[in-house]
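Participant:
Chains as they are written, first to last, in the working numbering: chain A, 1 to 136; chain B, 1001 to 1164.
1) With burial defined as no fewer than 16 other Cβ atoms inside 10 Å of the residue's Cβ, what is the status of residue 1087 of chain B: buried or exposed?
2) Counting contacts by CB-CB distance shorter than 8 Å, is residue 91 of chain A in contact with chain B?
3) Does chain B have any CB closer than 8 Å to the CB of residue 42 of chain A?
4) Would you say residue 1152 of chain B lies against chain A (beta-carbon separation less than 8 Å)?
5) When the Cα atoms are used, what is the spatial distance from residue 79 of chain A to residue 1126 of chain B?
6) Go ahead and pull the three-state DSSP assignment for residue 15 of chain A.
7) Does the distance from the CB of residue 1119 of chain B to the CB of residue 111 of chain A come in under 8 Å?
8) Give a yes or no on whether the minimum CB-CB distance between residue 998 of chain B and chain A is below 8 Å.
9) Three Cβ pairs or more, each shorter than 8 Å: is that satisfied between the segment 1096–1107 of chain B and the segment 14–28 of chain A?
10) Do residue 13 of chain A and residue 37 of chain A have their C-beta atoms within less than 8 Å of each other?
11) Give me the subset of the segment 13–31 of chain A whose CB atoms are less than 9 Å from a CB atom of chain B, sorted by chain position.
12) At a cut of 8 Å, does the segment 1058–1070 of chain B reach the segment 55–69 of chain A through at least three beta carbon pairs?
13) Are the Cβ atoms of residue 1130 of chain B and residue 57 of chain A separated by less than 8 Å?
14) To the nearest whole angstrom, what separates the beta carbons of residue 1065 of chain B and residue 1042 of chain B, a pair I think is in contact under 8 Å?
15) In this structure, how does DSSP classify residue 23 of chain A when only helix, strand and coil are distinguished?
16) Please classify residue 101 of chain A: is it buried, with 16 or more other beta-carbons within 10 angstroms of its beta-carbon, or exposed?
17) Comparing alpha-carbon positions, which option in B:1069, B:1046, B:1142, B:1045 lies nearest residue 44 of chain A?
18) What's the gap between the Cα of residue 1148 of chain B and the Cα of residue 1160 of chain B?
19) Just mark residue 103 of chain A as buried or exposed, buried being the case when its beta carbon has 16 or more other beta carbons within 10 Å.
20) Could you give the residue range of the alpha helix (DSSP H) that holds residue 1128 of chain B?
21) Measure the alpha-carbon distance for residue 1096 of chain B versus residue 1046 of chain B and round it to whole angstroms.
22) Starting from the beta carbon of residue 1149 of chain B, find every residue of chain A whose beta carbon is closer than 8 Å, and list them in chain order.
23) Give the secondary structure of residue 1056 of chain B by DSSP, where H, G and I count as helix, E and B as strand, and everything else as coil.
24) Go ahead and label residue 1090 of chain B buried or exposed: buried means 16 or more other beta carbons lie within 10 angstroms of its beta carbon, across all protein chains shown.
25) List, in chain order, every chain B residue whose beta-carbon is nearer than 7 Å to that of residue 103 of chain A.
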């Protein structure tokens, strides 16, 4: 990516937390985080124009990646919510994970809808059909 | 821990969107007389295949636009995942497995919240499509933050400490 967007170090960590959580020895997870940072640094500094650019621009590619990550997170939460448990607390966590997976899917779908309609035509049309007192 | 399959898992199917051509290429700059390859793009993740995308964030793989590099990293991630599931000498997470997974989901949501907010900063004035995408990113960052807040609030502050 040639964009200067998202070059902040905080957002460069490569491994999912839902993956690193399996590595319960602290040094292992720290080593993997470090490795991902190193890979990014090497790749980005190797030669700015070696890599093909995203065809529809950086922001479009960023949002598509975010949608893919949200969908992945949704499936992890669905999986976590489907576990077998016999304790009340465990069942509460299952419900929580299940509810949260629905919220995450709504966000992913909203991003996709906004990308398909960047001028907000559908949103404006929907707002115009709403009663005046609740119209934004 | 996630359940191990009864047999050796099949190799990760490479999303068609990721791999545009098949001949192996050495790492490094492409020859100048060749057109650049079609870049690797984020895949659509099918629910039943979520474990094929388990290691690296798509927001990280996004930087690796050379399709073969992108594919190689996915393969390494899948290998690490298979190995870690086979290795059973890790200590148990103090909060228990389900709470630890939910904490990890909160951490990933926070990452996406910050990532989206950063991506949406300073929408370009003369590119209306990109500007609209930036506004979408900022709005989505707020929604992701709310989802993380709700999950975090329910989990509370206990992190597995001994309760006397």
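All residues carry an ideal CB built from backbone N, CA and C; glycine is no exception.
Predicted model, so just to flag it, every value in this text is computed and none were measured.
Facilitator: Quick answer:
1) exposed
2) no
3) no
4) no
5) 44 Å
6) strand
7) no
8) As shown, chain B starts at 1001 and ends at 1164. That puts residue 998 of chain B outside it, with no answer to give.
9) yes
10) yes
11) 13, 14, 15, 16, 17, 18, 19, 20, 21, 22, 23, 24, 25, 28
12) yes
13) yes
14) Not a contact, Cβ separation roughly 11 Å.
15) coil
16) buried
17) B:1069
18) 20 Å
19) buried
20) 1128–1155
21) 28 Å
22) In chain order: nothing, as chain A lies at least about 11 Å away.
23) strand
24) exposed
25) 1147
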